[in-house]
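See below for the structure under consideration.
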Amino acid sequence: MSPRLAAARRLVVKIGSALVVDATQAAPRTSWLASLAEDIADLRHRGVEVLVVSSGAIALARRSLGLTARRLRLEEKQAAAAVGQIRLAQAWSEALSAHGLIAAQLLLTLDDTEDRRRYLNARATLATLLQLGAIPVINENDTVATTEIRFGDNDRLAARVAEMVAADQLILLSDIDGLYTADPKRDPGATHIPEISAITPEIEAMGGEPPPGYSSGGMRTKLAAARIATGAGVAMAIAQGHVDHPLRALEKGARRTWFLPAPEGRSARKRWILGSLQPLGSYTIDAGAARALTAGRSLLPAGVTALAGQFERGDPVLVQGPEGKILARGLSAYASADAARIIGHRSEAIEAILGWRGRDEIIHRDDLALL
Numbered sequence: 001m002s003p004r005l006a007a008a009r010r011l012v013v014k015i016g017s018a019l020v021v022d023a024t025q026a027a028p029r030t031s032w033l034a035s036l037a038e039d040i041a042d043l044r045h046r047g048v049e050v051l052v053v054s055s056g057a058i059a060l061a062r063r064s065l066g067l068t069a070r071r072l073r074l075e076e077k078q079a080a081a082a083v084g085q086i087r088l089a090q091a092w093s094e095a096l097s098a099h100g101l102i103a104a105q106l107l108l109t110l111d112d113t114e115d116r117r118r119y120l121n122a123r124a125t126l127a128t129l130l131q132l133g134a135i136p137v138i139n140e141n142d143t144v145a146t147t148e149i150r151f152g153d154n155d156r157l158a159a160r161v162a163e164m165v166a167a168d169q170l171i172l173l174s175d176i177d178g179l180y181t182a183d184p185k186r187d188p189g190a191t192h193i194p195e196i197s198a199i200t201p202e203i204e205a206m207g208g209e210p211p212p213g214y215s216s217g218g219m220r221t222k223l224a225a226a227r228i229a230t231g232a233g234v235a236m237a238i239a240q241g242h243v244d245h246p247l248r249a250l251e252k253g254a255r256r257t258w259f260l261p262a263p264e265g266r267s268a269r270k271r272w273i274l275g276s277l278q279p280l281g282s283y284t285i286d287a288g289a290a291r292a293l294t295a296g297r298s299l300l301p302a303g304v305t306a307l308a309g310q311f312e313r314g315d316p317v318l319v320q321g322p323e324g325k326i327l328a329r330g331l332s333a334y335a336s337a338d339a340a341r342i343i344g345h346r347s348e349a350i351e352a353i354l355g356w357r358g359r360d361e362i363i364h365r366d367d368l369a370l371l
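Quick note on numbering: this note's numbering labels position 38 of the sequence shown as 38, and the sequence is numbered without any gaps.
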């Protein structure tokens, strides 16, 4: 049975730049925002906690800064974000305050969700805001984020937020009403898919390139978001946003695609590891080690045949089988320089090789999440 919006107790709603910003005026779409704020107020009155992930800061500032004629350099995007965040926060504050709701702004970078301590701090802040009845409005902190620490799109940021706060549902409001077997703008025979129980390679192949314009997302990033969200036990929907009262329309049965949450439960730590967006390296393992991981065991140095990347102890890495298939994500117990010296050796030899006694496992099973 497909999830129902009315059944959610905690909901994350993601809105892209094209929905928030009137491209012809480079101004907030105040009428549309007012309709969405009314939807949020209706949900709040029924006891649903709502968090918003909103794009639009850079788009709101481009014209006032004279940055509309060309592709922006990183520092120009950061400057535009610094100006646009004020306008974006004001637009949300005005829309929500009309219904007696308090907007709270929270800016995140990739590091805030990848670093365990900062992740827990951000989660505590969001939980407190919800307890106080505020509506968190979250965006990527583009004023300081560089290429190396950016999410690059707010679809995946929204999925990480949904995982972070243990949301029931994540709604991605878009310019399309769900996932199709092909791009419906190019293929008139494309078929809408109302529900997806598992994100298979065939489903992933239906994602395309990011669209032109303000948005940096596209169906490919929405599928990446779906993998993060459903792996954390969060149901996710892609729904049409270019209508007034989009959440009310979804609740009344508007066409959408639901991605069902993975049936198996995961601990908060495993969900965090699995949702890691920026692995810094990888281990390639042999068939015996792959079988051991499937049986719930740790990854030992003897089972590793190669490594790639530069990383430190505790950094996220991928684990791939002998054929190159990604099997798991985990936190390495060794920096890459030390790991390169001990892979292929038995754990008893680690102290003699490195000159100091480390962990027997190169990734402990508690720090490992299978895909």
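Yeah, the Cβ is synthetic: ideal placement off N, Cα and C, and Gly gets one too.
Owing to the predicted nature of the structure, the values given are computational and were not obtained by experimental measurement.
Do you know offhand how far residue i's Cα is from residue j's?
i: L247; j: I102; result: 19 Å
i: T305; j: D286; result: 6 Å
i: T128; j: K270; result: 23 Å
i: A335; j: A232; result: 28 Å
i: A124; j: V83; result: 28 Å
i: V52; j: I15; result: 8 Å
i: G309; j: T109; result: 22 Å
i: P316; j: R116; result: 11 Å
i: A339; j: G133; result: 48 Å
i: W32; j: G100; result: 18 Å
i: D142; j: G330; result: 28 Å
i: L60; j: G275; result: 30 Å
i: V20; j: P201; result: 32 Å
i: Y283; j: T294; result: 16 Å
i: K77; j: Y119; result: 25 Å
i: L370; j: A23; result: 43 Å
i: P188; j: G56; result: 31 Å
Kindly list the residues whose CB is nearer than 6 Å to the CB of residue i, restricted to its own chain and excluding five residues on each side of it in sequence; keep chain order.
i: S298; result: E361, H364, R365
i: R357; result: E351
i: S97; result: none
i: A95; result: L33, A34, A37
i: G207; result: M219, R220, L223
i: A449; result: Given that the chain is displayed from residue 1 to residue 371, the structure contains no residue 449 and the question cannot be resolved.
i: R227; result: I199
i: M164; result: R123
i: Q137; result: One detail in the question is off: residue 137 reads as Val in this sequence, not Gln. Here the set comprises V52, S54, W92, A103, Q105.
If you follow the alpha helix (DSSP H) that residue i is part of, which residue opens it and which one closes it?
i: A229; result: 219 to 231
i: L74; result: 74 to 97
i: A306; result: It is not in any alpha helix (DSSP H) - A306 instead sits in the beta strand (DSSP E) that spans 304 to 309.
i: I342; result: 336 to 342
i: P246; result: 246 to 251
i: L108; result: Note, L108: premise wrong, no alpha helix (DSSP H); beta strand (DSSP E) at 103 to 108.
i: L60; result: 57 to 61
i: D153; result: Unbroken run through D153: none, as it is neither H nor E.
i: P3; result: Careful: P3 lies outside any alpha helix (DSSP H) and carries neither H nor E.
i: L67; result: Looking at the DSSP string, L67 is not in any alpha helix (DSSP H), and its letter there is neither H nor E.
i: G288; result: 287 to 294
i: I203; result: 201 to 204
i: E323; result: Where E323 is concerned, there is no enclosing alpha helix (DSSP H), given that its DSSP letter is neither H nor E.
i: A352; result: 350 to 354
What are the boundary residues of the beta strand (DSSP E) that residue i is part of?
i: Q278; result: Counting along the chain, Q278 falls outside any beta strand (DSSP E), and DSSP gives it neither H nor E.
i: E49; result: 49 to 54
i: E140; result: 135 to 140
i: Q131; result: From DSSP, Q131 is part of no beta strand (DSSP E) but of the alpha helix (DSSP H) over 116 to 131.
i: A369; result: 368 to 370
Using DSSP bridges, identify the partner residues of residue i.
i: M236; result: L170, F259
i: L318; result: S282, R329
i: Y180; result: H192
i: R10; result: E49
i: V21; result: P28
i: L299; result: I363
i: I15; result: S54, L173
Who are the Cβ neighbours of residue i in its own chain at under 8 Å, not counting the five residues just before and after it?
i: A433; result: Residue 433 falls outside the range modelled here, since the chain spans only 1 to 371, and no answer is possible.
i: L354; result: D338, R341, I342
i: L376; result: Absent from the structure is residue 376, since the part of the chain shown begins at 1 and ends at 371.
Please list, in chain order, all residues of the same chain as residue i whose beta carbon is under 7 Å from its beta carbon, the five residues on each side excluded.
i: A6; result: E251
i: R62; result: A26, T68, A80
i: R256; result: D177, G178, A237, I238, A239, L250
i: R44; result: V50, L101
Is residue i near the ligand FAD, in the sense that its beta carbon is under 8 Å from a heavy atom of that ligand?
i: I326; result: For the ligand FAD, the structure offers nothing, since it holds no ligand at all.
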